[in-house]
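Scroll down for the structure; my scribbles are underneath it.
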Amino acid sequence: MTEVPNPAQMTQDPVAGLEGVVAATTSLSDVDGQNGVLVLRGRTIEDLAGKVSFEDAVAHLWQGLGVAEARSVKYAFGEARIAAFAVVPLLESAPDSLSVYERMQLGLAALPLNRGLPEAIAIGGALPVFLAAAHRIASGTRSLAPDSTLPVATDLLRMLTGETPPEAHARALDRYLVTILDHGLNASTFTARVIGSTQSDMKQAVLGAMGALSGPLHGGAPGPVLDMIDAIGSPDNADDWITGALERKERLMGFGHRIYRTRDPRADVLKAGLKLLGPDNPKVKLAEEIELAALAALKRAKPYRPLDTNVEFYTAVLLDAIGIDRALFTPLFATGRTPGWCAHVLEQQQTGKLIRPASHYVGPMPSESEPLT
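Under this note's numbering, the first residue of the sequence shown is numbered 110, with each subsequent residue one higher.
Here it is in structure tokens:
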């Protein structure tokens with residue numbers, strides 16, 4: 110049966126970008142942009158990152174969604190990584206023209222489901238394997254089998270580098286993965302919920318979310334943050350470089366956010382994570398000087414519009430400090446966000462409601478069209 114919208118419930122004036130439109134009810138995450146607070150199922154991001162593992166944070170987010178008990182997520186993810194490695198030969202035989210991200214999407218598209226693992230577990234466990242394999246394929250090195258006994262962050266670094274990572278690096282990456290697990294109804298999450306609302310399988314919803322994330326307006330800023338830091342070069346150059354960029358109306362990468370009107374809480378969580386790596390990284394010191402200079406310059410240039418540090422600034426600095434190539438930043442973000450996407454799909458499907466908004470037609474009417482001859 111075709112669902113006919115109730116005209117009384119329809120908003121006649123479209124809202125550009127759906128800004129401020131409430132499109133879902135969720136118990137997963139809440140983003141308070143005015144006060145700079147991010148809550149994941151009742152706990153602030155500061156209360157989770159650095160205090161619980163990525164696997165435990167995922168279990169916390171998945172409560173009540175019928176996926177897995179908290180104590181079993183680590184083991185289930187390990188089992189899922191082993192299962193996903195069977196797909197790696199397909200990635201190795203794919204055309205060289207594929208990017209790391211595209212190779213990950215190929216792996217996910219080919220991933221067999223319904224093998225005794227919940228879809229969310231199978232997909233969430235597979236992405237680290239596909240990321241590491243795609244990177245090593247691009248680097249001309251042999252893909253490494255996962256170790257199901259290791260935490261996700263440790264095993265991912267091991268599969269990327271071929272070496273057991275320093276504990277500090279694994280802890281820093283784990284903190285990052287927790288920090289990006291979920292963040293309200295952003296573009297990729299909304300995409301996942303829309304696809305999930307059709308009762309499509311989880312794999313299609315995550316592939317759609319990955320497509321949305323690949324756009325430069327959503328997931329493309331951490332790499333350019335490092336480009337900016339490299340261009341500035343030293344603290345002595347920061348003021349002049351930043352002032353010049355603002356005069357040229359260029360965007361300062363890693364500052365400002367569509368939702369936050371104050372400091373992004375995730376930036377401070379990741380900045381604190383840099384302390385795990387010791388005090389001697391020169392790029393970290395440079396980044397801190399650039400942050401201070403940028404905040405001062407932005408306050409002078411745009412006193413009417415608070416622009417503060419966002420998650421992308423210290424994402425770039427932290428991932429660079431643990432040796433993650435900047436070309437992997439978006440693929441790694443997708444890997445960490447996937448369990449969040451899965452949670453939203455499950456939550457949306459529990460409603461049984463298809464997401465089907467209306468559009469406002471502004472084209473010509475039949476009476477205005479020339480007759481066909």
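Note that CB positions come from ideal geometry on N, CA and C, so glycine has one too.
- If you ignore the 5 residues before and after E201, its C-beta comes within less than 8 Å of the C-beta of A242, I246, S252, all in its own chain and listed in chain order.
- Here H169 has L149, R150, R152, L157, V161, A179 as same chain residues with Cβ atoms under 8 Å from its own Cβ, once five neighbours each way along the sequence are excluded.
- Counting only the Cα atoms, P388 lies some 16 Å from R280.
- For the pair K394 and P344, the CB atoms are nearer than the 9 Å cut-off.
- Rounded to the nearest whole angstrom, the CA to CA distance from T300 to F442 is 16 Å.
- Following the DSSP letters along the chain, one finds L294 in no beta strand (DSSP E), marked with neither H nor E.
- Our two residues, L428 and I154, have alpha carbons roughly 19 Å apart in a direct line.
- DSSP lists L149 as the beta-bridge partner residues of R152.
- Annotated three-state conformation of S257 is coil, per DSSP.
- An exposed status is given to L127, since fewer than 16 other beta-carbon atoms sit within 10 Å of its beta-carbon.
- Taking all protein chains shown into account, D339 has fewer than 16 neighbouring C-beta atoms within 10 Å of its C-beta and is therefore exposed.
- In this structure, DSSP gives A193 a helical state, which the three-state scheme calls helix.
- When DSSP states are grouped into helix, strand and coil, S202 belongs to the helix group.
- DSSP, reduced to helix, strand and coil, places D349 within a helical segment of the structure shown.
- Just so you know, the alpha carbons of A381 and V131 end up roughly 33 Å apart.
- Taking 9 Å as the cut-off, the Cβ atoms of A296 and L322 count as close.
- Uninterrupted alpha helix (DSSP H) stretches at least 4 residues long and entirely within the region 279-342 occur at 296-306, 311-322, 325-328, 331-341, given in chain order.
- T444 carries a helical assignment under DSSP once its states are collapsed to helix, strand and coil.
- A Cβ-Cβ contact shorter than 9 Å links L137 with H453.
- Non-local beta-carbon contacts of M311 in its own chain, meaning distances under 7 Å to residues more than five positions away in sequence, involve E228, A229, I232, C451, V454 in chain order.
- For the 9 Å CB-CB criterion, T439 and G363 do not form a contact.
- Remark: C-beta atoms of V261 and L222 do not approach each other more closely than 9 Å.
- Between the beta-carbon of L236 and that of T447 there is about 5 Å, and that keeps the pair under the 8 Å contact cut.
- Across the structure, V176 and G305 are spaced so that their CA atoms are roughly 16 Å apart.
- Within the same chain, S306 come within 8 Å of K462 by CB-CB distance, once the 5 residues on both sides are set aside.
- Per DSSP, D373 lies in no alpha helix (DSSP H) segment and is marked neither H nor E.
- Here the C-alpha atom of V196 lies approximately 9 Å from the C-alpha atom of L215.
- DSSP places A467 in the coil class of the three-state scheme, outside both helix and strand.
- Residues M362 of the same chain have their beta carbon placed closer than 6 Å to that of M337, with the five preceding and five following residues left out of the count.
- Within its own chain, the residues whose Cβ lies closer than 8 Å to the Cβ of T258, once the five positions on either side in sequence are excluded, are G187, listed in chain order.
- Contact between V426 and A396 holds, with the beta-carbon distance rounding to 5 Å and staying under 8 Å.
- Rounded to whole angstroms, the Cβ separation of L407 and L416 is 5 Å, and the two are in contact under 8 Å.
- If you draw a 10 Å sphere on the C-beta of R302, you find 16 or more other C-beta atoms in it, and that means buried.
- For the region 226-255, the full-length alpha helix (DSSP H) segments reaching 4 residues or more read 228-248 along the chain.
- Judged by their CB atoms, V182 and I289 are not nearer to each other than the 9 Å cut-off.
- Secondary structure note for V393: its alpha helix (DSSP H) is the uninterrupted segment 391-410.
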